[in-house]
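Under the working numbering, the residues of the sequence shown are numbered 2 to 466, in order.
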Amino acid sequence: MGVKIVDTCLRDGHQSLLATRLTTEDILPVATLLDKAGYYALEVWGGATFDACLRFLNEDPWERLRAIRKACPNTKLQMLFRGQNILGYRHYSDELVEKFVEKSLENGIDIIRVFDALNDLRNLKSAVDATNKYKKQFGGHCQIALSYTTSPVHTIDYYVNLAKEVEKIGADSICIKDMAGVLLPNAAYELVTRIKESVKLPLELHTHCTGGVAEMTVMRAIEAGVDIVDTALSPLSGGTSQPCTEALEYVLQGTKYDPELNLDYLKQACDKLTVVKDRFLANGGLNPKALTTNPNILKYQVPGGMLSNLMSQLKGQGAMDKYEEVLNEIPRVRKDLGYPPLVTPLSQMVGTQAVMNVISGERYKMCPAEIKDYLKGKYGAAPAPVNEEIRKKIIGDAPVITYRPADDIAPEFEAMKEKYKDIVKSDEDVLSCALFENVAVKFLEARNNPKKDEDEVVEFDVVIG
């Protein structure tokens, strides 16, 4: 059996290149073909797709999941789950995490890839336990992703030790999640080799092409014995997305690593997705900058999705000329905050702080509430000590917690259900309200009263974080 492939074009591919704007109508014809191509799994849900469905596309994300499940009877479906943050941008209660896992599995997800931005395993426990709890009833596989970055604390030894801990807490597999595309080929070879020597779980690699090294990194990881790799169908590959699926199949054909994908079905899916991509190129939804290779990313450590959102933020404020300056500010903010890996929600938080520092002309003159919470310990333990001078400037003498942040959060599900009993029709509706209250309530009200709002679809840009 060759290396297994997970295609990301229907989740991370369009999140990285198209600001997560593919509609379900765009997705289903492609998904139907990919289902026949012989993939290990398709990543189709989670990440920013849930928010984007409600906020920008006037779609029910749960309906999308059910539709994709129906279109893909032969292939496992995978989602990205932000640990205690679920799919949102703050920590939620344990029972909300459990309920979301239950409903994700019930509606068609097979593999839940769980990560914590800080690699604080305390923030993963609820999601892992919930996945294992509902395994018998719905099936389900819990993969824990290690947020990869480089810093004085993020060494190969750090990740090997983390992998050992992950195995102990009940994961079914491990993913090296290189969200910024900064994992270099030889480091990948060493990291994969050492993790495979240290744990018995299957190992997957997820990277991005942003820095120009992803294809080389994937090949070295395969040579080192990685079990699964993430790629994207060609129209939504490269740039800030993943390496191209078809190209990897051609490279590995006839070798012991051959994933044996059906290139005829891939070509048909590619043709359909190319039409969609061309529409985004024509309407400005695909910024050509997102398709370029930027080896400076190896210095900035900025993930693909964060780059396209950063461009949107600066464009919206008429400050695209500050782009390079903001990129240079990001590593400085990161050092001040104790080297958090730049992955959602920390990527948005650090990016927004860097934008504020540059545009206001004074570092930390303005701070998002989320950065203040981070400095109070409400996101978990920072990988390295925080700059205490900066902490004092931002939060003064406010207390800093050292216990698991979710221990402070009371159950939320029943209160949300009661609050919106007149508009919610299912537990899934309640979960949508719990995660994105304002946009979900507007969506549900419009759904329940279609004539009232059918002519009024408002689209707007937001700065997340």
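For each residue, glycine too, the CB sits at the ideal point set by N, CA and C. It should be emphasised that the depicted structure is a prediction, and the values quoted were computed from it without experimental measurement.
Asked	Found
For ALA38, the residue or residues it bridges with in DSSP	ALA38 is not bridged to any residue.
Expected contact under 8 Å - CB spacing of PRO384 and HIS155 to nearest Å	7 Å
For LEU204, three-class secondary structure by DSSP	strand
Simplified DSSP assignment, three categories, for ILE177	strand
Span of the alpha helix (DSSP H) around LEU436	428 to 436
Near the ligand HEM: THR9 beta-carbon under 6 Å from a heavy atom	As presented, the structure is devoid of all ligands, the ligand HEM included, so that no description of it is given.
VAL425 versus VAL102 - alpha carbon distance	19 Å
Limits of the unbroken beta strand (DSSP E) element including GLN144	142 to 148
Cβ-based burial, GLU457 [other Cβ within 10 Å; buried from 16]	With a pLDDT of 46 at GLU457, under the threshold of 50, the modelled position of this residue cannot be trusted; read the value that follows with caution. With fewer than 16 other Cβ atoms within 10 Å, it is exposed.
Three-state secondary structure (DSSP) of GLN354	helix
Of the residues GLN79, LEU34, PRO62, the one placed nearest ASP13, counting alpha carbons only	GLN79
Euclidean distance between Cα positions of LEU445 and ASP430	8 Å
Proximal residues to ALA441 (C-beta, below 6 Å), its chain only, five neighbours per side dropped	LEU55, SER433, CYS434
Beta-carbon spacing of GLY339, PRO400 below 7 Å	no
C-alpha gap between VAL31 and GLU389, whole angstroms	50 Å
Counted within 10 angstroms of its Cβ, other Cβ atoms place ALA283 as buried (16 or more) or exposed	exposed
Backbone secondary structure at THR232 - three-state DSSP	strand
7 Å Cβ shell around ASP428 - same chain, five flanking residues per side excluded	LYS100, LYS104
VAL183 and GLN302 closer than 7 Å at C-beta	yes
Distance, VAL351 Cα to LEU343 Cα	8 Å
Cross-strand partners of GLU168 (DSSP beta bridge)	According to DSSP, GLU168 bridges with nothing at all.
Status (buried if at least 16 other CB within 10 Å, exposed otherwise) for THR293	exposed
Beta-carbon separation (whole angstroms), SER242 vs SER17, contact threshold 8 Å	4 Å
Euclidean distance between Cα positions of ASN48 and THR256	Residue identity differs from the one stated: residue 48 is Gly in this sequence, not Asn. Cα-Cα distance, rounded: 34 Å.
For CYS54, three-class secondary structure by DSSP	helix
CB-CB length for LEU23 against LEU11, believed under 8 Å	7 Å
Same chain, Cβ closer than 8 Å to LYS300, five either side skipped, listed in chain order	PRO332
C-alpha distance - ARG91 paired with ILE28, whole-angstrom precision	28 Å
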